[in-house]
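Peer 1: Per the numbering used here, the sequence shown starts with residue -9, numbered consecutively.
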Amino acid sequence: MKLWNYNDIAIFMSVAEQHSFTAAGKKLGLPKSTVSRRISQLEDQLNIRLLERSSRKLTMTPKGKRLFNDNKGLFEQLNQNFQRLTDNLDEMSGIIKITSPVLMANTLLNKMLIDFQNIHPKI
């Protein structure tokens, strides 16, 4: 099984969406030259032409359109999955079990646990 460089495919997906090496580079935080080089490397690795380049415009070849359409949903789902992961980093949830002497629970812990639960309502 051949291992593919998924970063290069992600770069291709961005170029296809933006219709521009420059715009894709800005979106990805990469220089235009790097974006162009990585697309060329991907085309060489696949041994197919994905994009037709001219001085005026950039268009996808039929194989480029197929690669884009076949993977668009996958990349959208990956982005949503990563977004959900990062959105919930600060959100704690679950059950905490605490054992303490009765006097400590009635005096110190009671107030602390109420404050904690106000901050983290899913616990």
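Virtual Cβ for every residue (Gly too), placed ideally from N, Cα, C.
Taking just the CA atoms, how far does Gly54 sit from Trp(-6)?
Peer 2: So the alpha carbons of these two residues sit roughly 16 Å apart.
Peer 1: Which of helix, strand or coil does DSSP assign to Thr49?
Peer 2: Three-state result, Thr49: strand.
Peer 1: Take Ile85 and list the residues in its own chain whose beta-carbon comes closer than 8 Å to its own, dropping the five residues that flank it on each side.
Peer 2: Excluding sequence neighbours, Ile85 sits near Ile113.
Peer 1: By DSSP, does Arg43 sit in helix, in strand, or in coil?
Peer 2: Arg43: strand per DSSP, three-state reduction.
Peer 1: Does the beta-carbon of Met50 have 16 or more other beta-carbons within 10 angstroms, so that it is buried, or is it exposed?
Peer 2: Result: buried.
Peer 1: If you compare alpha carbons, which of Gly19, Tyr(-4), Ala6, Pro21 is closest to Gln35?
Peer 2: Answer by Cα proximity: Tyr(-4).
Peer 1: What is the residue span of the alpha helix (DSSP H) that Leu20 lies within?
Peer 2: Premise fails: Leu20 is in no alpha helix (DSSP H) and is neither H nor E.
Peer 1: Would Leu32 and Phe2 qualify as a contact pair, given that the criterion is a beta-carbon distance under 7 Å?
Peer 2: Against a cut-off of 7 Å, the Cβ pair of Phe2 and Leu32 comes out as a contact.
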